[in-house]
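S.K.: Residue numbers (the numbering used here), protein chains in the order written: chain A, 6 to 294; chain B, 47 to 1071.
1. Whose C-alpha, out of B/141, B/176, B/70 and B/985, is nearest the C-alpha of residue 159 of chain B?
2. Output, in sequence order along the chain, the residues in the stretch 362–377 of chain B whose CB is closer than 9 Å to any CB in chain A.
3. Less than 8 Å separating the beta-carbons of residue 238 of chain A and residue 44 of chain A?
4. Are at least three pairs of beta-carbons, each pair with one atom in the stretch 23–42 of chain A and one in the stretch 68–81 of chain A, less than 8 Å apart?
5. How about residue 192 of chain A: is its C-beta nearer than 8 Å to some C-beta of chain B?
6. Cutting at 6 Å between CB atoms, please list the residues of its own chain near residue 357 of chain B, excluding the five before and the five after it.
7. For residue 110 of chain B, which three-state DSSP category applies?
8. Give me the Cα-Cα distance between residue 75 of chain B and residue 890 of chain B, rounded to the nearest whole angstrom.
9. Could you give the C-beta distance for residue 381 of chain B and residue 447 of chain B, rounded to a whole number, given that I count them as a contact under 8 Å?
10. Using a Cβ-Cβ cutoff of less than 8 Å, which residues in the same chain neighbour residue 58 of chain A once the five nearest sequence positions on both sides are dropped?
11. Drop a sphere of 10 angstroms on the beta-carbon of residue 255 of chain B, count the other beta-carbons inside from all chains shown, and report buried for 16 or more, exposed for fewer.
12. Express the C-alpha separation of residue 56 of chain B and residue 359 of chain B in angstroms, rounding to a whole number.
13. For a cutoff of 8 Å on Cβ pairs, would you count residue 458 of chain B as touching chain A?
14. In chain order, what residues of the same chain have a beta carbon less than 6 Å from the beta carbon of residue 1073 of chain B, not counting five sequence neighbours either side?
15. Mind checking residue 923 of chain B: buried by the 16 CB within 10 Å criterion, or exposed?
16. Just to confirm my understanding: we take residue 196 of chain B, look at its own chain, exclude 5 residues before and 5 after, and list those with CB closer than 7 Å. What are they?
17. With residue 233 of chain B and residue 330 of chain B assumed to form a contact (beta carbons below 8 Å), what rounded beta-carbon distance in angstroms separates them?
18. Tell me the residue span of the beta strand (DSSP E) that contains residue 891 of chain B.
19. Give the range of the alpha helix (DSSP H) segment to which residue 177 of chain A is assigned.
20. Please check the pair residue 168 of chain A and residue 144 of chain A, which I expect to be a contact at CB under 8 Å, by giving their CB distance rounded to whole angstroms.
21. Which same chain residues end up closer than 7 Å to residue 609 of chain B when comparing Cβ atoms and leaving out the 5 residues on each side of it in sequence?
22. With a threshold of 16 other CB atoms inside 10 Å of the CB of residue 240 of chain B, please say whether the residue is buried or exposed.
23. Would a C-beta distance cut-off of 8 Å place residue 1036 of chain B and residue 568 of chain B closer than the cut-off?
24. Does residue 29 of chain A come within less than 8 Å of chain B when only Cβ atoms are used?
25. Taking only beta-carbon positions, decide if residue 154 of chain A is within less than 8 Å of chain B.
26. Taking the alpha helix (DSSP H) that residue 123 of chain A falls in, what are its first and last residues?
27. For residue 808 of chain B, verify whether its CB is less than 7 Å away from any heavy atom of the ligand HEM.
28. What residues in its chain sit with their C-beta under 6 Å from that of residue 876 of chain B, if we drop five residues either side in the sequence?
29. Does residue 537 of chain B come within less than 8 Å of chain A when only Cβ atoms are used?
30. Let's see if you can read the secondary structure: which residues bound the alpha helix (DSSP H) around residue 929 of chain B?
31. Does residue 574 of chain B come out as helix, strand or coil in the three-state DSSP assignment?
32. Name the residue from B/999, B/1004, B/934 and B/1057 whose alpha carbon lies nearest to the alpha carbon of residue 984 of chain B.
33. DSSP on residue 169 of chain B, reduced to helix/strand/coil?
34. Would a check of beta-carbon distances place residue 958 of chain B closer than 8 Å to chain A?
35. Comparing C-alpha positions only, which one of B/936, B/318 and B/1053 sits nearest to residue 573 of chain B?
36. If we ignore side chains and look at the alpha-carbon of each, how far apart do residue 315 of chain B and residue 563 of chain B end up?
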């Protein structure tokens, strides 16, 4: 399951973060969810955020959506520094430019509305702001929901519900779509359908898509993945290849499989080969150090 | 609509609460109004026609001798302002003239000749017809019989005055014989009953005739001179409600005080309407606060509940609000999203609320208020609806805004941040501090007035909120401890309760509702109890019959015949001495009075009653019309102030069966004598008691010496001679004072009595027989009159004379008597004294039994004794119950019931609003292998303890609040003259209210818990919507 399609950066927004830190504080405890994330997502890109549970993927997504304000560092979406934006500007961004798909289709839909009405509802703020938007039925058709447009949500399958959630998220034609585990709790066929529609919209509309997943199959589907580990960018995958990313301050997080073989305290050195490649050489340590 | 259909139960719950709140608010003015109308109805229906009518009359001779021409009745009728005439039927016009038959001799009757408009419709004619032309009259049947005034006969009376000032003679022809129909038309005037009656002050006087009826023409044609003209307005009950009555009072008052513009003679206005209006206004003022405050507490409860329910509902919609915010709708848009759903429900609920109020105002007065209460929807009702709509809007907007203003970050949390610690929220702290402060000020007496009715509600709010805050962390603490000890079921239940925001809600509301239920029940029963005791105090007995006679012997004989044991009937004589402040004396037969009289709060002990017993001595009785007695060995002498001897008169006091004392002189002793025989005629054919031996002499002269009396013999034509022993000396009471001297008895044999006198200028000197009490024992309510010595004082005896008395005990109150009253034994008071006509002789009944009443009435009637009036406990109680104060308190029953229903609704709403989460939790427990039975226990145990805590705290708050509030709650229209106020808790009602609260709310929580457990299916774990 791979795609080689190149994203078109027409209406998409560029996303970047600088030394992003986020600390949760609750009842005397402080937990650093992100501890210096530097990220760059080009306009119209489709990027997956990977990583184990608790790595900070969803936190990062919320920071990109302006739901959280970072404890330190900066978040840029397009030309806007979200971390310094006023509440009104954030509302405006959410109305026009940034859509967040929450985990679980039901959380993205008003339960008493049909998919069509949900799309109408989602377009409301943007329409009031004067943005020209496609007809809600077209939005639904774009994700493949036609017959289901007017049906109560309770009658829809999980896959259709997720598509409806996608349609709602895309309803205001945002420049950035942030999706938290959009394919979790879905069967494979539904998962593939949702990814396919998401990819299609990314390609056709140029919307920048950042989605969180820990499903390797989904990761494999995406042209670019960023692995978050221990609150930092731990690696990046491009076209199926895994890379370690050197941070601006020169740190190089080791890939997991490498770390498993290198115990803490192990001395390594980089050896520059003749072909220009670096080789990691483990040095032997005597007992007295 | 679709949103409501998605959560129909929540929508229904919100609508029900909003409707309930509206109904409470709108019902108050409707009931208040209905109460006013009922009060007006019973006031008017219970008043006499003289009180409820307005009679205008002008009789020039009353005020001025020559005051110009007599105005026509129409002119008088016009004196009543036109605006008020619609409150009355058409005025009844009238003329009256003197009709003394000429030539005016001692056999010529005199009386009134009248005309009234519409009179023919209110008279029946046994002969002839209604007068239609001038000079025609109708007379009573009694006049026909007494004076021979048959139809066709005629009489001459003084007629109209000629132009030259001389009177003419009018000839009146009898054309009919009437019978007066009983109706208000006659304003209580009786046309008959005077025929042949002579009223004389000593000189011979002619007899009266009954009122003669003539036509208006007799007056208009100047056939007779009208003495007065009149216009009477009969009130139209259908047209006069409370507003009209309250307006009529001052208007009629004004009319009575201003000079009319007809003639110069003041119009005489007779009406009780000003007093009636004043009485109604007083009661309305009294209830002005009670009704709104009672209903306000209910409204407050409904608002608080609605607020909490809206909080729960909006809390549940946090994901939807978050979604709206994520879609860029901002806080305003998020608020609109919720308002679009909730506000129409609350506002539309005003309609069913209004209908509910109307229905309640239609039904409740039928149950609580007497008569047929007219139904009115006035502006206060509309204002209440408007106020409800405003409050509902406000509550909804505030509840919605609270969630809509939350940051998106908090809205997105699956479990909303919630304080489970001990700290109070700012709002709760303010409410607790505010309400608690007011309660403390109430409790310390710093605040007064009917507003204290709010005390139970405020106190319950404080207690409920504090408890709610303490319970959650306590439950969590306890739950964890139980889990650590391995008691999974209890532990999980407690943690479930601590985790659920509904727990706090339930405790707070159940506390408030239970407090209202307990307070309402207590207030209702305390009110009823106090009205009942006040009625019992005022009535004295289930029935009291005033007889129109002072023949106590006959009355007692009748009662002894019917009820020899005195279980059901007892005679009572009330002696009211002259002067308003003088205490009454209530003379009773203690043995039966103690069984029959009502003593609210408990009567005197038997030992106290026994102290009233009369002297334990037999009377010396004689029967006959002639009396003989020997006076031997007399050494009686008397010296005047100049030391010269003067005769001494010796006599006996005899008391006949009526209690009348016959002061009988035996003879005179000029000097010592060995033997004297006296013979006298006496009125003792029915029997007399020999009650005293006396001597008398000139004022200031001393008396000394002794005389022996023997051979007292009484006889009559029908009875043989009977020798009555006067001894032994122990039968007589020695009399001694330092100032007057002494009289002492002695005897050598029981048949004779030697009396020794030593008087120092007081005459007569009397030695009383022991049967006659010298000092009567009395139970005293109130202070002793001034001038007494220790427990000795004087009271007014049956004959109006001074009776020495001794206080043997105190009473808090005397039934049917004023606060300062003496209770004595009738037998004691009766000895030697007769009953005055001014004494009130009564028969007290132990039971309001019509058959017994008939029996007594008939028996009295057989002896020629009429019944003046009867008073029943039932009637007096009804008069207390039919008051605005009582009706206001009746609402307490409604308030208590509705409060419990609201609390039940809260339980339901709490379950409905959180059932998905809770059933998911239970499903997770099932998934973990917990058996369904245990889950059911957990589900039930999660709510039931909260209910239990709430009911207990509420009951205590209600009880304590009642102690604060009840002293200020008006229980009576006007305070009874003798207070029987007892504001102690009505424990029966309190217990019943607590049990009802526990049953209703406890059963509700159990059913809800079981219902939730039954929905704990595993598929709940997969639900996303």
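Note that the Cβ used here is the ideal one computed from N, Cα and C, for glycine as well. These numbers were taken from a predicted model, which means no experiment stands behind them.
M.R.: Once the coordinates are examined:
1. Against the second chain, residue 159 of chain B aligns to sequence position 113. Checking every option, the nearest Cα to that of residue 159 of chain B belongs to B/141.
2. 365, 366, 368, 369, 370, 371, 372, 373, 374, 375, 376 and 377
3. Start at 1 with the first residue of the first chain, and residue 238 of chain A comes out as number 233. Start at 1 with the first residue of the first chain, and residue 44 of chain A comes out as number 39. For residue 238 of chain A and residue 44 of chain A, yes; Cβs fall inside 8 Å.
4. yes
5. The residue you call residue 192 of chain A lines up with position 187 of the first chain. Not closer than 8 Å to any Cβ of chain B, the Cβ of residue 192 of chain A fails to qualify, so no.
6. Stepping through the second chain from its first residue, residue 357 of chain B is reached at position 311. The answer, listed in chain order, is 445.
7. The residue given as residue 110 of chain B occupies position 64 in the second chain. Any reading at residue 110 of chain B is ruled out, since the residue's pLDDT is 42, under 50, leaving its predicted position unreliable.
8. Against the second chain, residue 75 of chain B aligns to sequence position 29. Against the second chain, residue 890 of chain B aligns to sequence position 844. In a straight line, the C-alpha of residue 75 of chain B is about 43 Å away from that of residue 890 of chain B.
9. Counting from 1 along the second chain, the entry for residue 381 of chain B is found at position 335. Counting from 1 along the second chain, the entry for residue 447 of chain B is found at position 401. Confirmed, Cβ separation roughly 6 Å.
10. As a first step, residue 58 of chain A is located in the first chain; it is residue number 53 there, counting from the start. Hits under 8 Å: 219.
11. Stepping through the second chain from its first residue, residue 255 of chain B is reached at position 209. Per the 10 Å Cβ criterion, buried.
12. Within the second chain, residue 359 of chain B is the residue found at index 313, counting from 1. Within the second chain, residue 56 of chain B is the residue found at index 10, counting from 1. Each residue's alpha carbon lies about 8 Å from the other.
13. Your numbering for residue 458 of chain B matches position 412 in the second chain. Output row for residue 458 of chain B: interface = yes.
14. Given that chain B is displayed from residue 47 to residue 1071, the structure contains no residue 1073 of chain B and the question cannot be resolved.
15. Counted from its first residue, the second chain places residue 923 of chain B at position 877. When all chains shown are included, residue 923 of chain B counts as buried.
16. Position 150 of the second chain holds residue 196 of chain B. The residues are 190 and 220.
17. The residue you call residue 233 of chain B lines up with position 187 of the second chain. The residue you call residue 330 of chain B lines up with position 284 of the second chain. Residue 233 of chain B to residue 330 of chain B, Cβ: 28 Å. No contact.
18. Taking the second chain and counting its residues from 1, one reaches residue 891 of chain B at position 845. Counting along the chain, the beta strand (DSSP E) containing residue 891 of chain B begins and ends at 886–891.
19. By one-based count along the first chain, residue 177 of chain A stands at place 172. From DSSP, residue 177 of chain A is part of no alpha helix (DSSP H); its letter is neither H nor E.
20. Sequence index remark: in the first chain, residue 168 of chain A carries index 163 (1-based). Sequence index remark: in the first chain, residue 144 of chain A carries index 139 (1-based). Wrong, their Cβ atoms sit about 11 Å apart, outside the cutoff.
21. Working through the second chain from its first residue, we reach residue 609 of chain B at position 563. Hits under 7 Å: 615.
22. In the second chain, the residue the question calls residue 240 of chain B occupies position 194. Residue 240 of chain B comes out buried.
23. What you label residue 1036 of chain B is simply residue 990 of the second chain in a count that begins at 1. What you label residue 568 of chain B is simply residue 522 of the second chain in a count that begins at 1. Yes; because the gap between Cβ atoms is below 8 Å, this pair is in contact.
24. By one-based count along the first chain, residue 29 of chain A stands at place 24. Closer than 8 Å: no.
25. Residue numbering aside, residue 154 of chain A sits at position 149 when the first chain is read from its first letter. With 8 Å as the cut-off, residue 154 of chain A does not count as an interface residue toward chain B.
26. The residue given as residue 123 of chain A occupies position 118 in the first chain. First-last of the alpha helix (DSSP H) with residue 123 of chain A: 120–133.
27. Judged by which ligands are present, the structure shown has none, so any question about the ligand HEM falls away.
28. The sequence position of residue 876 of chain B within the second chain is 830, counting from 1. Counting only Cβ-Cβ distances below 6 Å, and skipping sequence neighbours, we find 705.
29. By one-based count along the second chain, residue 537 of chain B stands at place 491. Judged by the 8 Å Cβ criterion, residue 537 of chain B is not in contact with chain A.
30. Working through the second chain from its first residue, we reach residue 929 of chain B at position 883. Run containing residue 929 of chain B: none; DSSP gives neither H nor E here.
31. In the second chain, counting from the first residue as 1, residue 574 of chain B sits at position 528. Residue 574 of chain B falls in the helix class under three-state DSSP.
32. Numbered from its first residue, the second chain carries residue 984 of chain B at position 938. The residue with the shortest Cα to Cα distance from residue 984 of chain B is B/1057.
33. Start at 1 with the first residue of the second chain, and residue 169 of chain B comes out as number 123. Correct three-state label for residue 169 of chain B: strand.
34. The residue you call residue 958 of chain B lines up with position 912 of the second chain. So, not an interface residue.
35. Start at 1 with the first residue of the second chain, and residue 573 of chain B comes out as number 527. Checking every option, the nearest Cα to that of residue 573 of chain B belongs to B/936.
36. What you label residue 315 of chain B is simply residue 269 of the second chain in a count that begins at 1. What you label residue 563 of chain B is simply residue 517 of the second chain in a count that begins at 1. Roughly 51 Å separates the two Cα atoms.
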